[in-house]
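Read through the structure below, which is laid out as C-alpha cells, and then see the notes.
Number of protein chains: 2
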Amino acid sequence: MIFSKTNFSMMMNSRTRSLADGLLRGDRSSLSRSITLVESTLSSHCAEANALLEYVLGAKGGRTDSFRLGVAGPPGAGKSTFIESLGKKLCKDQGKRVAVIAVDPSSSRTGGSILGDKTRMTELAKEPLAYVRPSPTRGTLGGLAQHTNDVILLCEASGYEIIIVETVGLGQSEVMVDETVDMLLLLTPPAAGDELQAVKKGIMEVADMVVVNKADGDLVNAARHAATDYMHALQLMRRKHPSWRPRVKMCSSLHNQKIDEVWGVVDKFRTAMKDELVERRRLQNLRWMWSQFKEQLVAVAKEDPGVIRTAHQMETELLQGKSTPRIAAASLVQHFLENRK
Amino acid sequence: MIFSKTNFSMMMNSRTRSLADGLLRGDRSSLSRSITLVESTLSSHCAEANALLEYVLGAKGGRTDSFRLGVAGPPGAGKSTFIESLGKKLCKDQGKRVAVIAVDPSSSRTGGSILGDKTRMTELAKEPLAYVRPSPTRGTLGGLAQHTNDVILLCEASGYEIIIVETVGLGQSEVMVDETVDMLLLLTPPAAGDELQAVKKGIMEVADMVVVNKADGDLVNAARHAATDYMHALQLMRRKHPSWRPRVKMCSSLHNQKIDEVWGVVDKFRTAMKDELVERRRLQNLRWMWSQFKEQLVAVAKEDPGVIRTAHQMETELLQGKSTPRIAAASLVQHFLENRK
C-alpha cells in the first residue's frame, strides 16, 4: 500500500468535521475542544486529531502572517500580569486577535504545576478578541511542548494573529518553547540579576529580548540596575541571530507603563528578521517532525505483542544481572523489526 | 531468525576482547578506553560496545555489592573539593576503590561545559585506589545520562566499589542522575537557601541528603541558617522512600571537616534501604531499557532509505504549509513499517 497524506482527513468522522468547521469560523468553544483532542494521548484520539489538523491546514494553508511570541521567566516575574497587560493593549488599541498558551514544565515526581493557578488572566479572557488556554496539568515537558506546536497551528487557523506562549524559564522549558516560537522574551523581576546567577546563562542564550518587570514604586532603582546587568551580560554573549541584537527594556505591567515600548521592540524584531523567520520556521518544523516521528514510532512499537513478550523475558534477565538495559533494548529492537518482516 | 543474547559477545573482535580482559583485571587505561567505546555514537562502535558490555557482564555477573552515590549541586557549591575530600578518605581510611564519573548538562546552544575544568580532582586521581573520569563535552543530557548507566557497570566490573556520579543540579540533570544512582546527595553553598529559591523544589524532591558545604571561617553561621532552612523545607516534602527520612548535614571540604559524619549518614542510608535498593535498581534498569529502546529504534529508522526519501518529500510539504510536523511524522512512521513487511 502506498500511503498518501490525504488518508487522515478522509477518515475524519462527522463530529470532528463540525468541530473543524467551527474552529475555522473562529468559534472559541470549537477551538477549545479541538485543542483537547490534539493534546489527548489516547491512541483512538490520535487519528482523529491528525485528521482534524490536516483538514484545517488544507482549508487555511500554512499561515506565515501570524507572530509567535514566547514569554519565559522565573516564578514571581509577573508573567501573567505582563501578558494580560500586553494582550489587552493589542486587542483594544490595535484590534489584533491574541491567543495565549501556557507550557508548564510540571514537577517530575509530584506532577504538580509550577505555573500555578489555572484560571488566570481573567480580564484578558473576557476580551472578545482574545483566547486564553489554561495550562494542562499532566504529562512530560517534551510531550507538552510537542503539542504546543499543533495548538499554535489550531489557534492560527481559528484566526488568531498573535500567539503568546508562556513558560517558566528554569533551564529546559524555555529552550523547548524557543523551538516553537518566532521570538523569545525573557521577563525578569528587578532583582533577578543576582538571584538567577546559576540559571541565567542558559536562558540568556536563547532570549531575543529581556524585559525587567515591576519597574515601579520602590523597585525602580533595582530595575535599572538589573537592566544594566542584563545589558552587559548580553554584550558578552554570542548572537543568536546575525541580524538581531537582543534588547533590554523595563516596564511596569501592574501600572501598564512602557508596555508600548516593549511591543515596539517586538515590532522592530519582526521587521529585522522578516526573511530569517521563514527559514527559522522551516527548521523548527523539521526538528518537530523528527521528534514526533520518535514518539509515534515508539508508541507503535510498545504495543507490538512480540515486543511486550520479549520485554517480560528481558526483565527477568536484567533482574538476574545477566543483561544490561542497553543490551536488553538491542534485543527488543531486533525482535520488533524481525517480526514485521 | 531467533535472536539470542549471546550474539553480541560472539561478534567481538580480538582488540575489544583484550580491552575487556584488561578492564576485568582492573587496568585503568583499559577501563578508560572501554568507556570511550561505550560513549561513542558511531554505529560501528555500537556493536563492539554491546559485545564488550555483554562479555564483561558474563564474566562478573551483576554486582549488587557496589554503591552508587549521586552528588548534585549548583555551580560554586564546591562539588569537586567535596568529592576529592570524600574520595581520598574512602581510599585511605577504608581501603575502598572509588570511581568518579561526571554528567555535564552542556549548554544546548554553545555546547559549552558547565562543570568547567575537565582536569580536576588531581589529588584524588593520583590515589592508586581511585579512578576519575573527566566529563565529556559533547552530546545531549539524555544521551550522556544513558551512557552513565553503562559507564557505572564498567567501573563496577573493573573492581570499583563506590561509584560517585557528579552533576550540576539545575532542574533536569539531577533527576536523570537520580535514576542511575542508589542515593542522591544535594551539595549546596551556605547561602543557597535564598539563591536557589526557584530551582530548590525540584532538587529537594529527589534528594536523600542535603549537605551544606563551606561551613568554615566566616560562613559557619550562614551554613547553620541554610541547614535549618533545608531541614524545614524537607519536613514539608513528601517522602521519596518510605524507610528513609532525608537528613541535613554541614561540612567543610576545604578543611576535611565532618566528611566522616556525611559518610556516616550514607552508611545509615545503605543499611536502612538495603532491601529497597534491590527493587530500585530493578526499576531503574527497566526505565533505562525502554529509554535505550527508543534511542536505538529511532537510530535504525533514521538510516532506512525509505524514511530518508520520504523525509525529503515531507520537507517540501512542510515548507509549502501543506503538512504539519505531526502529520509528516505519521507518514514517515507508516513508510518505515510498511517497507519492512
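As you go down the protein sequences, you meet chains A and B in turn.
For the first sequence, position 139 matches number 139 in the numbering used here, and the numbering has no gaps at all.
Position in the second sequence (from 1) plus 1000 gives the number in the numbering used here.
Glycine included, each C-beta is placed from N, C-alpha and C at the ideal position.
**Request:** Specify, as a first and last residue, the run of the alpha helix (DSSP H) that B:Met1011 falls within.
**Result:** Segment: none, B:Met1011 is in no alpha helix (DSSP H) and carries neither H nor E.
**Message:** Buried or exposed, going by whether 16 or more other CB atoms sit within 10 Å of the CB of A:Ile259?
**Reply:** The Cβ neighbour count for A:Ile259, taken over all protein chains shown within 10 Å, is at least 16; the residue is labelled buried.
**Asked** Exposed or buried, A:Ile203, counting other C-beta atoms within 10 Å across all chains shown (16 or more means buried)?
**Response** Around the CB of A:Ile203, 16 or more other CB atoms lie within 10 Å, so the residue is classed as buried.
**Asked** Do A:Val98 and A:Cys91 have their C-beta atoms within less than 7 Å of each other?
**Response** Against a cut-off of 7 Å, the Cβ pair of A:Cys91 and A:Val98 comes out as a contact.
**Asked** Does B:Ile1162 come within less than 7 Å of chain A when only Cβ atoms are used?
**Response** At least 7 Å separates the CB of B:Ile1162 from every CB of chain A.
**Prompt:** How would you write the range of the alpha helix (DSSP H) that A:Val262 sits in, first residue to last?
**Reply:** DSSP places A:Val262 in the uninterrupted alpha helix (DSSP H) bounded by 259-272.
**From A:Thr180, A:Met121, A:Ala226, residue whose alpha carbon lies closest to that of A:Lys249** = Out of A:Thr180, A:Met121, A:Ala226, A:Ala226 has the C-alpha closest to the C-alpha of A:Lys249.
**Message:** When you compare the region 1282-1297 of chain B with the region 314-334 of chain A, are there three or more beta-carbon pairs, one atom per stretch, that lie closer than 8 Å?
**Reply:** Taking a cut-off of 8 Å for Cβ pairs, the region 1282-1297 of chain B and the region 314-334 of chain A touch, as three or more such pairs fall below it.
**Message:** Need the endpoints of the alpha helix (DSSP H) that B:Ala1059 sits in, please.
**Reply:** Here the alpha helix (DSSP H) through B:Ala1059 covers 1043-1060.
**Request:** Kindly give me the distance between the Cβ atoms of B:His1335 and B:Val1307, rounded to whole angstroms, as I take these residues to be in contact under 8 Å.
**Result:** At roughly 6 Å, the Cβ-Cβ gap stays under 8 Å, so B:His1335 and B:Val1307 are in contact.
**Asked** Whose Cβ in chain B lies nearer than 7 Å to the Cβ of A:Glu315?
**Response** Contact note: A:Glu315 reaches chain B through Leu1286, using a C-beta cutoff of 7 Å and chain order.
**Item:** Short Cβ contact (7 Å threshold) for B:Leu1187 with B:Lys1096
**Value:** Contact check for B:Leu1187 against B:Lys1096 fails: the beta carbons are separated by 7 Å or more.
**Request:** Report yes if the CB atom of A:Leu297 is closer than 7 Å to the CB atom of B:Val1333, and no otherwise.
**Result:** With respect to the 7 Å criterion, A:Leu297 and B:Val1333 are classified as neighbours on the basis of their beta carbons.
**Prompt:** Residues in the region 1043-1059 of chain B with C-beta within 7 Å of chain A's C-beta atoms, listed in sequence order?
**Reply:** Listed by position along the chain: Asn1050, Leu1053, Glu1054, Leu1057.
**Asked** Hey, B:Ser1070 and B:Met1183 are a contact pair by Cβ (cut 8 Å); roughly how many whole angstroms apart?
**Response** According to the sequence provided, residue 1070 of chain B is Gly. The question's Ser does not apply to it. Cβ-Cβ separation between B:Gly1070 and B:Met1183: approximately 7 Å, consistent with a contact (criterion under 8 Å).
**Endpoints, the beta strand (DSSP E) within which A:Gly321 is located** = Per DSSP, A:Gly321 belongs to no beta strand (DSSP E) and is neither H nor E.
**Prompt:** Going straight from the alpha carbon of B:Asn1050 to that of B:Val1038, what length do you get?
**Reply:** B:Asn1050 and B:Val1038: Cα-Cα distance of roughly 8 Å.
**Request:** Have a look at the DSSP bridge pairing and note the partners of A:Ala99.
**Result:** DSSP output for A:Ala99 lists A:Tyr131, A:Ile163 as bridge partner(s).
**Prompt:** Which two residues bound the contiguous alpha helix (DSSP H) that contains B:Met1231?
**Reply:** That run of the alpha helix (DSSP H) goes 1220-1236.
**For A:Arg17 and A:Trp263, the rounded distance between their alpha carbons** = For the pair A:Trp263 and A:Arg17, the Cα-to-Cα distance works out to about 37 Å.
**Request:** Quick one: grab the DSSP three-state call for A:Lys214.
**Result:** DSSP places A:Lys214 in coil when its eight states are reduced to three.
**Prompt:** Using a C-beta to C-beta distance shorter than 8 Å, which residues of chain A count as neighbours of B:Val1300?
**Reply:** Correct list: Val333, Leu337.
**Item:** Inter-residue spacing [alpha-carbon to alpha-carbon] between A:Pro134 and A:Gly73
**Value:** A:Pro134 and A:Gly73 have their C-alpha atoms spaced approximately 17 Å apart.
**Item:** Buried or exposed (CB count within 10 angstroms, at least 16 for buried), B:Ala1059
**Value:** B:Ala1059 comes out exposed.
**Contact the region 1156-1166 of chain B vs the region 1240-1247 of chain B: 3+ CB pairs below 8 Å** = For the pair of segments examined, the region 1156-1166 of chain B was found not to touch the region 1240-1247 of chain B: the number of CB pairs separated by less than 8 Å stays below three.
**Prompt:** To the nearest angstrom, how far is it from the Cα of B:Lys1294 to the Cα of A:Lys302?
**Reply:** Roughly 10 Å separates the two Cα atoms.
**Prompt:** Which of helix, strand or coil does DSSP assign to A:Lys89?
**Reply:** Correct three-state label for A:Lys89: helix.
**Item:** Neighbourhood of A:His312 by C-beta, 8 Å cutoff - its chain only, sequence neighbours within 5 removed
**Value:** Hits under 8 Å: none found.
**Asked** Quick one: is B:Thr1167 near chain A, going by C-beta distance under 7 Å?
**Response** With 7 Å as the cut-off, B:Thr1167 does not count as an interface residue toward chain A.
**Asked** What first and last residue would you give for the beta strand (DSSP E) that runs through A:Arg33?
**Response** A:Arg33: not part of any beta strand (DSSP E); member of the alpha helix (DSSP H) spanning 28-39, first to last residue.
**Asked** By DSSP, does A:Ile114 sit in helix, in strand, or in coil?
**Response** Bear in mind that the predicted position of A:Ile114 carries a pLDDT of just 44, short of 50, making it too unreliable to give a figure here.
**Request:** Using the Cα positions of B:Leu1052 and B:Ile1152, report the straight-line distance between them to the nearest angstrom.
**Result:** Using only the alpha carbons, I get a separation of about 14 Å.
**Message:** Please list, in chain order, the chain A residues whose beta carbon lies closer than 7 Å to that of B:Pro1325.
**Reply:** Chain A residues near B:Pro1325: Asn149, Asn285, Trp288, Met289, Gln292.
**Asked** Ordered along the chain, which non-local residues of its own chain (more than five positions away) have a Cβ less than 7 Å from that of A:Ala351?
**Response** Since the displayed chain A opens at 1 and closes at 341, residue 351 of chain A lies outside it and no answer follows.
**Asked** What is the DSSP secondary structure of B:Ala1207, reduced to helix, strand or coil?
**Response** Judged by DSSP in its simplified three-state form, B:Ala1207 adopts coil rather than helix or strand.
**Prompt:** Quick one, which of B:Val1211, B:Lys1240, B:Thr1081 has its alpha-carbon nearest B:Met1231's?
**Reply:** Looking at the Cα atoms, B:Val1211 is the closest of the given residues.
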